[in-house]
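Per our numbering, residue 1 is the first one in the sequence shown, and the count goes up by one each step. What follows is one structure encoded as structure tokens, with my remarks underneath.
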Amino acid sequence: MSYDRIKLEKLKDKVMTAQEAVQFIEHDMVVGASGFTKAGDSKAVLAELAERAKHETIKVTLMTGASLGHDTDGKLAAAGALKKRMPFQVDRTLRNKINSGEVLFIDQHLSESAELLHNKNLPPVDIAIIEVAYIDRDGSLVPTTSVGNSATFAELADKVIIEINTAIPMNIYGIHDIYKAEDYPYRNVIPIVAPWNKIGRRTIPVDPDKIVGIVFTNLKDSPADIAEPDEKTTAIASHILAFFENEVLLGHLTDRLLPLQAGIGKVANAVLMGFKESNFYDLTMFSEVLQDSTFDLIDSGKLSFASASSITVSSECYERVFGNLDKYRDKIVLRPQNISNTPGLIRRLGIIAINTAIEFDIYGNVNSTHIGGTKIMNGIGGSGDFARNSYLSIFVTQASSKENAISHVLPMVSHVDHNEHDVDILVTDVGLADLRGLAPRERAQKIIDNCVHPDYREELQSYFDRACARGGHTPHLLEEAFSWHIRLNETGSMKKA
1 MSYDRIKLEK LKDKVMTAQE AVQFIEHDMV VGASGFTKAG DSKAVLAELA
51 ERAKHETIKV TLMTGASLGH DTDGKLAAAG ALKKRMPFQV DRTLRNKINS
101 GEVLFIDQHL SESAELLHNK NLPPVDIAII EVAYIDRDGS LVPTTSVGNS
151 ATFAELADKV IIEINTAIPM NIYGIHDIYK AEDYPYRNVI PIVAPWNKIG
201 RRTIPVDPDK IVGIVFTNLK DSPADIAEPD EKTTAIASHI LAFFENEVLL
251 GHLTDRLLPL QAGIGKVANA VLMGFKESNF YDLTMFSEVL QDSTFDLIDS
301 GKLSFASASS ITVSSECYER VFGNLDKYRD KIVLRPQNIS NTPGLIRRLG
351 IIAINTAIEF DIYGNVNSTH IGGTKIMNGI GGSGDFARNS YLSIFVTQAS
401 SKENAISHVL PMVSHVDHNE HDVDILVTDV GLADLRGLAP RERAQKIIDN
451 CVHPDYREEL QSYFDRACAR GGHTPHLLEE AFSWHIRLNE TGSMKKA
């Protein structure tokens, strides 16, 4: 055991095994666990909870920052250990349990979970499980690769279990900025006016008397799934970069742009990687997750600073970053997610937000969470926090998929996460539609002309023309609005026979 990672002497007798620590968790408890997009998550106690649930009836409500790694969500779901889950997930097994109704899921804006807990609009947290690099002399916690909702869980939980991960170097100390906004009605301005402003403390405060167990682990985060840019993602990236270049020519932006936010995944990585060969420089990020592309841009000299709530990278990038942490120390910061995603800061900093859609319709409504309108995919994540409040709200998706059997541009989306009022730019591999300043009928024509796969353009134009003939501010043929989804379910393709 690396007892030197427990710098408060009286806590050293709290060290125990994961099997012992999990006994503090009881049936029907609310559990708050660290972790944000596979980073900084519980790697021992929650896994042991899944094992325990195989042999006894124990179901919990699990709250985290975002998704967990190491198949933890899947193991918990398969063992029947989950009653309710929030606010985000990406696991196939858990997803199936949610869609079958076996696990209840609350899909929240990532900025809201901590707020709802502090405002007592959610059940109180019975026990928190938080991964740290070490415990400081005052009993405060040095987080690992994410902050997420850990600070809120540490403050509000009745009991706390600590996982000390010795795979994380202790010199991670200093990259976190832990700030807690005041409770209502006494909340003050959050004094961040640039991504690099640090306004809080370096550690998470916690009452040491609440710590009931300390478990040692030595396991790296699950690596991010990084896909090389393909023809479609490269096309999407080129459309966005061309748009930015034109905004600079028009005097709307400078070559430094404004702070960037990008969702996770291969499209976001492809877009950010496109900046390496661009004329833009001295870029900054105010986002949720630092991905491979973030550190590639830092290494290339294009990106000067990045703020987020977690670091989620591939195995190669993980070794590069944590083997040279001092190189990146003054260029990154990790914050609680109710700070990284807070609407007021997004609006103040003028964020350029780039997020992924499952589908969008001819008026600019975006579905980013549900397949066929009913089955959850992952969750809204932070895309809503940024879409509503950013300087530019950009959503991207491929124009079609499954050998063009599915169009991702439709008469009407089957589920709305981001309505037309919160969407500025839509991009597919076919092209880009700038919807700013356009009325609904203008938006529809712009989207049809610029974003739709050629196999579907004629039919979508026909739908729009016939809807316009019927009339309305936002013309629709309600009897046909979901016909493409129905056709897909019945024939396996959205195309007319």
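Quick reminder that beta carbons are idealized off the backbone N, C-alpha and C, glycines included. All values reported here derive from a predicted model rather than from experimental measurement.
Between residue 494 and residue 426, the alpha-carbon positions lie close to 21 angstroms from each other.
Per DSSP, reduced to three states, the secondary structure at residue 31 is strand. Bounds of any beta strand (DSSP E) do not take in residue 237; it lies within the alpha helix (DSSP H) bounded by 231-249. Within 10 angstroms of the beta-carbon of residue 134 lie 16 or more other beta-carbons, which makes it buried. A residue is called buried once 16 or more other Cβ atoms fall within 10 Å of its Cβ, and residue 43 is buried on that count. Per the Cβ contact rule, the region 288-306 is not in contact with the region 242-251 (fewer than 3 Cβ pairs under 8 angstroms). When C-beta atoms of the region 361-379 are compared with those of the region 316-323, fewer than three pairs fall below 8 angstroms, so the two segments do not count as touching.
The straight-line gap separating the alpha-carbon atoms of residue 79 and residue 214 is approximately 24 angstroms. Taking a C-beta distance under 7 angstroms as the contact criterion, residue 2 and residue 144 do not qualify as a contact pair.
The residues 288, 307, 308, 309, in chain order, have a CB closer than 7 angstroms to that of residue 340 in the same chain once the five nearest residues on each side in sequence are set aside.
Taking 3 residues as the minimum length, the beta strand (DSSP E) runs contained wholly in the region 348-381 are 352-356, 359-361, in order along the chain.
Between the C-alpha atoms of residue 124 and residue 151 there is a straight-line separation of about 14 angstroms. Straight-line measurement puts the Cα of residue 158 at about 6 angstroms from the Cα of residue 127.
Where residue 434 is concerned, the enclosing beta strand (DSSP E) starts and stops at 432-434.
With 16 or more other Cβ atoms inside 10 Å of its own Cβ, residue 63 counts as buried.
Distances from the CA of residue 180 to each of 160, 131, 413, 335 were compared; the closest alpha carbon is that of 335. When DSSP states are grouped into helix, strand and coil, residue 176 belongs to the strand group.
Taking a C-beta distance under 7 angstroms as the contact criterion, residue 437 and residue 450 do not qualify as a contact pair.
Each residue's CA atom was taken as its position, placing residue 37 and residue 86 some 13 angstroms apart.
Each of 109, 424, 155, 257 was checked against the Cα of residue 32, and the nearest Cα belongs to 155.
A contact between stretches requires three or more CB pairs, one per stretch, nearer than 8 angstroms, and the region 251-259 fails this requirement with the region 102-119. Taking C-beta atoms as the reference points, residue 303 and residue 325 fail to come closer than 7 angstroms.
DSSP, read as helix, strand or coil, puts residue 5 in helix.
Residue 54 sits exposed, since fewer than 16 C-beta atoms from the chains shown fall within 10 Å of its C-beta. Between the alpha carbons of residue 279 and residue 370 lies a gap of roughly 37 angstroms. Counting only residues of its own chain and dropping the five nearest sequence neighbours on each side, residue 19 has a CB closer than 7 angstroms to the CB of 48. Beyond the five residues adjoining it in sequence on each side, residue 223 comes within less than 6 angstroms, by CB distance, of 314, 315 in the same chain, given in chain order. Sequence-distant Cβ neighbours of residue 444 in its own chain, meaning closer than 7 angstroms and more than five residues away, are 362, 363, 464. Distances from the alpha-carbon of residue 263 to those of 300, 467, 199, 397 put 397 closest. Nearest neighbour of residue 414 by Cα position, chosen from 59, 90, 373, turns out to be 373. Boundaries of the alpha helix (DSSP H) around residue 459: 454-470. Residue 488 has its alpha-carbon roughly 50 angstroms from the corresponding atom of residue 185.
In the DSSP annotation of this structure, the continuous segment of the beta strand (DSSP E) that includes residue 61 starts and ends at 60-63.
In the pairwise beta carbon analysis, the region 379-389 is classified as touching the region 343-359: at least three pairs are separated by under 8 angstroms. Residue range 211-217 is occupied by the beta strand (DSSP E) that includes residue 216.
In the three-state reduction of the DSSP assignment, residue 321 falls in the helix class, which pools H, G and I.
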